[in-house]
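Visitor: What follows is a single structure, and I will ask about it in a moment.
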Amino acid sequence: MKRIYLVGFMGCGKSAVGRRLSFLLKIPFYDMDKEIVRQTGMAIPEIFAQFGEEHFRDLETEFLKNFSHDNCIVSTGGGVSMREENRKIMRATGLVLFLDAPFREIWRRIHKDPNRPIVRNSSREEIEAMFKKRYRFYKEAAHITIRTEFRTLRQITQYAAFQVNRLKGE
Ligand SMILES: Nc1ncnc2c1ncn2[C@@H]1O[C@H](COP(=O)(O)OP(=O)(O)OP(=O)(O)O)[C@@H](O)[C@H]1O
Ligand SMILES: O=C(O)C1=C[C@@H](O)[C@@H](O)[C@H](O)C1
Ligand SMILES: [Mg+2]
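Here the sequence shown is numbered in my numbering, starting from 3 and rising by one per residue.
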């Protein structure tokens with residue numbers, strides 16, 4: 003197994019779990035959103051505003067194509083699993099874990115965050131429709147789905163580590 007990718011909707015816990023899993027497994031952690039911000043020198047809302055969403059999506063695919071580190075954890079942006087090309091790259095280069103959280107929980111976490119341009123510009127109903135539309139793509143991207151409801155970050159991280167170690171032996 004080369005990499006561990008975390009996929010799922012905004013606010014499902016990819017960054018939070020990724021950080022903890024990195025600590026537990028003692029391997030480096032990369033947050034795609036942060037890496038893109040670092041590489042471009044622009045904040046995500048700025049990239050959306052100046053160049054449009056499609057350009058941001060191209061940056062995500064480029065990131066996946068050029069990423070050269072192995073034996074690490076990559077938390078992906080919430081929209082990364084929508085492109086078939088991205089799903090293929092992730093599945094071919096690592097183990098993909100989907101953090102499956104219920105929408106009401108996600109909404110509670112994200113609705114006030116100014117750093118998520120899609121949330122800033124949409125209503126709750128629109129975001130919920132997007133959540134429903136995207137769900138099957140996270141499922142398609144993932145080797146394993148982890149249901150996170152009623153679980154603490156620590157429990158989710160331990161379960162993810164258990165799955166990683168189990169599959170390493172295969
Ligand atoms: N199971 C959980 N229990 C408690 N808090 C959680 C849980 N999962 C996530 N959180 C909290 O929810 C917030 C959003 O999580 P996080 O930033 O990790 O989401 P994300 O999937 O990385 O989102 P994005 O796609 O927008 O980057 C954080 O404050 C995180 O600590
Ligand atoms: O779900 C999405 O489309 C996004 C999620 C974030 O992680 C960022 O990648 C960006 O805000 C877009
Ligand atoms: Mg994140």
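The C-beta atom is built at its ideal place from N, Cα and C for all residues, glycine as well.
Source: prediction; values computed, not measured.
Could you tell me the boundaries of the beta strand (DSSP E) in which S77 lies?
Guide: Reading the sequence shown from its first residue, position 75 is the one you call residue 77. 74-77 is the extent of the beta strand (DSSP E) around S77.
Visitor: According to DSSP, is F65 helix, strand or coil?
Guide: One-based indexing of the sequence shown puts residue 65 at position 63. Correct three-state label for F65: helix.
Visitor: Determine the burial state of D60: buried for a count of at least 16 other Cβ atoms within 10 Å of its Cβ, exposed for fewer.
Guide: For the purposes of this step, residue 60 is taken as the residue at position 58 of the sequence shown. The residue in question, D60, is exposed, as its Cβ has fewer than 16 Cβ neighbours within 10 Å.
Visitor: Please report the straight-line C-alpha distance between F58 and R118, rounded to a whole angstrom.
Guide: As a first step, residue 58 must be located in the sequence shown, where it is residue number 56. As a first step, residue 118 must be located in the sequence shown, where it is residue number 116. Answer to the nearest angstrom: the Cα atoms are 13 Å apart.
Visitor: Could you tell me which residues DSSP puts in a beta bridge with G96?
Guide: Counted from its first residue, the sequence shown places residue 96 at position 94. Bridge partners of G96: R5.
Visitor: Would you identify the three-state DSSP class for T42, choosing helix, strand or coil?
Guide: In the sequence shown, counting from the first residue as 1, residue 42 sits at position 40. Of the three classes helix, strand and coil, the one that applies to T42 here is helix, per DSSP.
Visitor: Could you tell me which residues DSSP puts in a beta bridge with Y137?
Guide: One-based indexing of the sequence shown puts residue 137 at position 135. Y137 pairs with nothing; no bridge assigned.
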